[in-house]
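Numbering of the sequence shown is given in the working numbering, commencing with residue 195 and proceeding in unit increments. To start, the structure itself, in structure tokens.
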Amino acid sequence: QTEHGIKSNPNNEVQYLVQYKSHDYPIKAFRGAVCLLGGNASGETKKKLGKKGKVGGDVTPLDTLKRELNEELMSPDWVNVIQEKNVIDDSKLGKTLYNTTSLPAVTNNNEESDNANNMFEAGRIPGTVRYLGTTLHSHTAELIDRPKPYAFLCALYEITIGIDQLPHAILHPVGATVQEGRLALLTQEQLLQHAKYSWGYEYTMEAYFGRKSWNKQEGASVSEVDENIWETTSWTPPK
Numbered sequence: 195q196t197e198h199g200i201k202s203n204p205n206n207e208v209q210y211l212v213q214y215k216s217h218d219y220p221i222k223a224f225r226g227a228v229c230l231l232g233g234n235a236s237g238e239t240k241k242k243l244g245k246k247g248k249v250g251g252d253v254t255p256l257d258t259l260k261r262e263l264n265e266e267l268m269s270p271d272w273v274n275v276i277q278e279k280n281v282i283d284d285s286k287l288g289k290t291l292y293n294t295t296s297l298p299a300v301t302n303n304n305e306e307s308d309n310a311n312n313m314f315e316a317g318r319i320p321g322t323v324r325y326l327g328t329t330l331h332s333h334t335a336e337l338i339d340r341p342k343p344y345a346f347l348c349a350l351y352e353i354t355i356g357i358d359q360l361p362h363a364i365l366h367p368v369g370a371t372v373q374e375g376r377l378a379l380l381t382q383e384q385l386l387q388h389a390k391y392s393w394g395y396e397y398t399m400e401a402y403f404g405r406k407s408w409n410k411q412e413g414a415s416v417s418e419v420d421e422n423i424w425e426t427t428s429w430t431p432p433k
């Protein structure tokens, strides 16, 4: 069976929208590897600030997320309606992010349910945005083939969307579908047992599902970051 050109799941499994890096991605170790959607904070955006019309940068991680999703998914309507006040902050609920949420469990009949293994029964309906916390991703110079090691702070979000909100590149895939790669829908088992990752996201998947990811890149590591770091750290990079 197919639905909108996508193979349907006989077990009604949740699928996750990710990116495969292209075959000519600059870092050889990451070619063909899975990466989460998103990107670096920008010091310059099209948003004008103040009367003088100064060009500013991404002020918050959510600014970066929305800009990157608009760039990668061709500005779908559901991205532009995301607001900070509607984001569920689940950053302090523990390492196992998938099964730990402050959202109440509900069923289609609006009755409470204790089955949190089903994403929708765990309160994640289309349009739900959760902030999961910030992690530090570190990479050796050997892994990324650069003179020096490289590390970055990653603000993690989970967004639940319905099949009717999927990007055109998923519904009608033809070759590369986004810059530096292509989009794909993968199940939990595919992500944990078969996928290899770029930028240390295999450790993100382990924390998200609370299970081991089998394919790890030598030279990548991820550590937790105190959420209070944002009190002294600006998200907007210097120009």
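Just so you know, even glycine gets a beta-carbon here, dropped at the ideal spot from N, CA and C.
What is the DSSP secondary structure of G222, reduced to helix, strand or coil? Reading off the sequence shown, one finds Lys at residue 222, where the question assumed Gly. K222: helix per DSSP, three-state reduction.
D252 versus Y351 - alpha carbon distance: 16 angstroms
According to DSSP, is Y210 part of a helix, a strand, or is it coil? strand
Three-state secondary structure (DSSP) of K246: Note on K246: pLDDT 49, under 50, position unreliable in the model; the coordinate value appears next. Looking at K246 - three-state DSSP - the assignment turns out to be coil, as it is neither helix nor strand.
Beta-carbon separation of G375 and S236 under 8 angstroms? no
Contact between the segment 379-398 and the segment 272-289: three or more CB pairs below 8 angstroms? no
Report the rounded CA-to-CA distance for V212 versus C229, giving the unit in angstroms. 6 angstroms
Under the rule that 16 or more other beta-carbon atoms within 10 Å means buried, what is N311, buried or exposed? Only weak support is given to the placement of N311: the predicted model assigns it a pLDDT of 47, under 50, and the value that follows is read from those uncertain coordinates. Result: exposed.
Please classify T322: is it buried, with 16 or more other beta-carbons within 10 angstroms of its beta-carbon, or exposed? buried
Assess, as a yes-or-no matter, whether the segment 326-335 is touched by the segment 412-427 under the definition of 3 or more beta carbon pairs within less than 8 angstroms. yes
From the DSSP output, which residues share a beta bridge with D283? Y325
Are the Cβ atoms of T329 and T398 separated by less than 8 angstroms? yes
Can you find the residues in the same chain that come closer than 6 angstroms, C-beta to C-beta, to I355, ignoring five residues on each side of it along the sequence? P320
So, for R324: in the same chain, excluding its five sequence neighbours on each side, which residues have a beta-carbon less than 6 angstroms away from its beta-carbon? I282, D284 and E352
Out of R318, K342 and W393, state which residue places its alpha-carbon closest to the alpha-carbon of V208. R318
Cutoff 7 angstroms; reference T427; Cβ partners in own chain excluding five residues on either side: none
Confirm, please, whether the CB-CB distance from Y391 to A223 is below 8 angstroms. no
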